[in-house]
Each structure stands twice: as C-alpha cells, then as structure tokens.
Amino acid sequence: MLLYLYEETDLPNFTWDPPNLKQAQENIEAHYYNKPSSVSLQAFSRCPDRCSMTHGKYSYKYKKIVIFHGPDLYWTPPRKYPGQHWIMQAMKPPTYFANNLIYWTRVFNWTFMHRRDSDVFTPYGSYAPIMSKSDKVTTTFDWDAKDMMAAWFVSRCNVQSRRQEYVRLLQRDVSVHIYGTCGDMSCPRSIHHNCLNQLQSHYKFYLAFENRLCADYLTEKVSKLLQDGIDGIPVVRGTGDLYKMHLPPGSYINVHDYTIKGLAQKMQYISQNRTEFEKYFFLAETLLRGENRSVLL
519 MLLYLYEETD LPNFTWDPPN LKQAQENIEA HYYNKPSSVS LQAFSRCPDR CSMTHGKYSY
579 KYKKIVIFHG PDLYWTPPRK YPGQHWIMQA MKPPTYFANN LIYWTRVFNW TFMHRRDSDV
639 FTPYGSYAPI MSKSDKVTTT FDWDAKDMMA AWFVSRCNVQ SRRQEYVRLL QRDVSVHIYG
699 TCGDMSCPRS IHHNCLNQLQ SHYKFYLAFE NRLCADYLTE KVSKLLQDGI DGIPVVRGTG
759 DLYKMHLPPG SYINVHDYTI KGLAQKMQYI SQNRTEFEKY FFLAETLLRG ENRSVLL
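Take 519 as the starting number for the sequence shown in this note's numbering and just add one per residue.
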C-alpha cells in the first residue's frame with residue numbers, strides 16, 4: 519500500500535507494506551484523528567490499493583488505522599479500541615513535542631517519521647538515477663552575475679543548535695546575507711519566486727543549518743533547493759554523516775569537515791574558481807530530483 523500524506527510541507531512518496539494488510543482486498547480506510555489543515559483527504563487518491571481517509575476526534579471507534587499528528591498532541595490519549603493500529607506521524611524533530619507525549623507511552627503501534635528506524639520512513643527529499651536524456655536537468659548560470667558569497671534564509675532565532683552563533687563567527691571571514699526575522703534583509707513569502715531568482719542569479723552559496731541537532735533530522739530546505747535546480751552550493755550543518763545518506767555526494771559542503779576558519783577558506787577558494795564551483799553540480803545533474811514545493815523560510 520502506498521501512502522501519500524502532506525504535512526506543513528509536501529512529503530515525498532513512500533512505500534508502506536505492513537504484513538497483515540498486504541493482501542487485503544477490502545477498502546483500507548485510514549483515519550486521521552487530529553488532521554492538520556495541510557493534509558488533504560485526497561492524499562490516498564494515487565494509492566494502487568483501495569485506500570481512503572477520514573478524519574475527526576469523534577468518529578474513529580471502528581477504524582483499523584488511526585493516525586495522530588505528534589506535534590499537536592496536547593491532551594491525554596482517547597480510548598484505544600481492540601484491533602486498532604495507531605500511528606504517530608511527524609516531520610518536525612521530536613524535541614519540538616516530546617514533552618507532550620508523556621501520557622502517550624505504549625499506545626502507538628507504528629511511527630511515521632523522518633528517522634531511519636521509523637516504521638514508515640519519510641525523508642523530505644529523494645533522488646534517483648536519470649534513465650533518459652529527456653529527464654536530465656541541465657545546470658546553466660551566469661558566473662559573472664554571481665557577485666555575492668552566501669545567503670541564509672532563516673525564521674527561527676536562538677534555537678537549540680546555536681546556528682546563529684556559528685554564522686556570526688563565519689561572518690568574520692565570509693560575507694553572509696541573512697534574510698528573515700533573524701537578519702537585516704527581507705524576503706516575504708509573497709515574493710518567494712523573486713527570492714529564488716535572487717539566490718539563483720547572485721549567490722554562490724546558501725546556508726542550510728538545522729535548528730535542532732537530532733538523529734536523522736534533515737531540513738527540507740536543502741533538498742528542496744536542490745530539487746529546484748538552484749545553482750548555489752549548499753553549506754550544511756546537522757548531525758554526523760546524515761547528509762551522505764540523503765544528498766548526492768559531492769553536491770554540498772558539510773561544516774563538520776572543517777574548522778570555521780577552514781570553512782571560510784574553502785568557500786573563498788571555490789568562489790574564485792569556476793571549475794571548482796561547477797564540480798558540485800556534476801553528479802546532481804545525473805540524478806532525477808523528487809517532487810517537492812520550495813520553501814525558503
């Protein structure tokens with residue numbers, strides 16, 4: 519059975535095949551107990567099996583599959599009826615809502631998250647080898663017009679990862695323009711496409727720093743901008759070797775490979791060498807990007 523759900527941002531397609539439902543011929547009806555407004559009731563319209571979705575807090579009694587949106591669980595669990603399978607779904611890091619789950623211990627059968635050990639693994643983006651020339655996305659940009667170093671689009675300040683402190687230190691050697699509530703430059707959502715054009719045309723790098731340093735958590739920003747074909751090198755900051763599992767190799771710079779001073783020197787070298795800059799897009803052009811809507815902030 520294929521599930522297609524959409525949270526605050528579009529989620530990628532994924533395959534979910536619980537053994538006890540694999541051969542089911544009856545309609546598979548998933549009930550979303552506290553459905554966010556961004557989740558469509560038509561989310562299963564492309565499911566190859568007979569799938570449908572209902573929602574609501576008072577009509578779940580006879581449903582076999584009940585989904586709960588983890589970040590919005592502010593109450594004690596309702597009654598769980600025999601034969602039900604409860605699923606906790608979330609794309610935000612658990613540090614956002616862990617305190618809300620204190621009364622929800624041992625009630626979920628499956629998890630539906632960004633973690634690799636989740637029963638339903640749902641990363642923000644995915645890539646696959648391009649099988650035909652018609653699928654290939656060609657990178658084109660005006661090198662001479664790229665007259666700015668790095669941009670950072672950010673809306674949450676003073677977060678757990680202390681990314682602002684890192685950027686302040688980096689700014690001692692590299693020019694970083696900060697857009698959003700944490701900086702002095704503006705990029706309203708109403709002119710989103712203009713901001714993308716600005717990033718594409720003028721900047722050589724963009725920062726994609728996680729606001730929470732959690733296992734397997736990768737922000738949607740870097741994968742979406744890669745999927746949009748933005749010709750800027752993502753500079754990423756997360757946990758461990760996370761990016762090796764999710765992004766095309768050689769398509770990004772991981773801050774954990776350098777000191778802050780060393781990172782600045784690396785960025786300065788690339789910014790003055792077009793050949794080195796273009797290397798970061800070579801492998802990405804051989805991969806077909808998944809479908810995701812772009813969000814900067």
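Note that CB positions come from ideal geometry on N, CA and C, so glycine has one too.
Shown here for I748: same chain residues with a beta carbon closer than 8 angstroms to its own, the five before and five after excluded, namely L714, L717, Q718, Y724 in chain order. Each residue's CA atom was taken as its position, placing F795 and G750 some 9 angstroms apart. Contact check for P611 and C732: beta-carbon distance about 4 angstroms, within the 8 angstroms limit, so the pair qualifies. Note that the region 689-697 does not touch the region 760-770; fewer than 3 beta-carbon pairs, one per stretch, sit closer than 8 angstroms.
The alpha-carbon separation between A548 and L781 amounts to approximately 47 angstroms. Taking the Cα positions, W628 is about 41 angstroms away from N712. DSSP places R681 in no beta strand (DSSP E) but in the uninterrupted alpha helix (DSSP H) bounded by 681-688. In summary, S704 is exposed, with fewer than 16 beta-carbon neighbours lying within 10 Å of its beta-carbon over all protein chains present. Bounds of any alpha helix (DSSP H) do not take in Q560, whose DSSP letter is neither H nor E. Taken through DSSP and simplified to helix, strand or coil, M703 comes out as strand.
Non-local C-beta neighbours of K553 in its own chain, meaning closer than 6 angstroms and more than five positions away in sequence, comprise H573, ordered along the chain. If you draw a straight line from the Cα of F799 to the Cα of R755, it is about 19 angstroms long. For V677, no alpha helix (DSSP H) segment is defined, and its DSSP state is neither H nor E. When only Cα atoms are considered, S679 and Y761 end up about 16 angstroms apart. If you look at A726, you'll find it isn't in any alpha helix (DSSP H); it sits in the beta strand (DSSP E) that goes 721-727. Look at R792 here: in three-state DSSP terms it is helix. N618 is positioned such that its CB atom lies closer than 7 angstroms to that of L591. About 6 angstroms separates the beta carbon of Y599 from that of K579, a gap short enough to meet the 8 angstroms contact definition. Scanning E738, V677, W604, Y697 for the CA closest to the CA of R730 turns up V677. Taking C-beta atoms as the reference points, Y697 and F671 count as a pair closer than 7 angstroms. Looking at M785, Y550, I546, D734, the one whose alpha-carbon comes closest to that of M666 is M785. Residues of the same chain with a CB within less than 7 angstroms of the CB of W622, apart from the 5 flanking positions on each side, are L591, P595 in chain order. Here I583 is buried. Its C-beta has 16 or more other C-beta atoms within 10 Å. Relative to the Cα of Y684, the nearest Cα in the group V753, R597, N791, T699 belongs to V753. With contacts defined as CB atoms closer than 7 angstroms, H587 and Q602 fail to qualify as a contacting pair. Rounded to whole angstroms, the separation of the alpha carbons of Y614 and C675 is 15 angstroms. Annotated three-state conformation of Y787 is helix, per DSSP. By the neighbour-count criterion, in which 16 or more other beta carbons inside 10 Å mark a residue as buried, I605 falls on the buried side. Note that the C-beta distance between L687 and I778 is below 7 angstroms. In the DSSP annotation of this structure, the continuous segment of the beta strand (DSSP E) that includes V754 starts and ends at 751-755.
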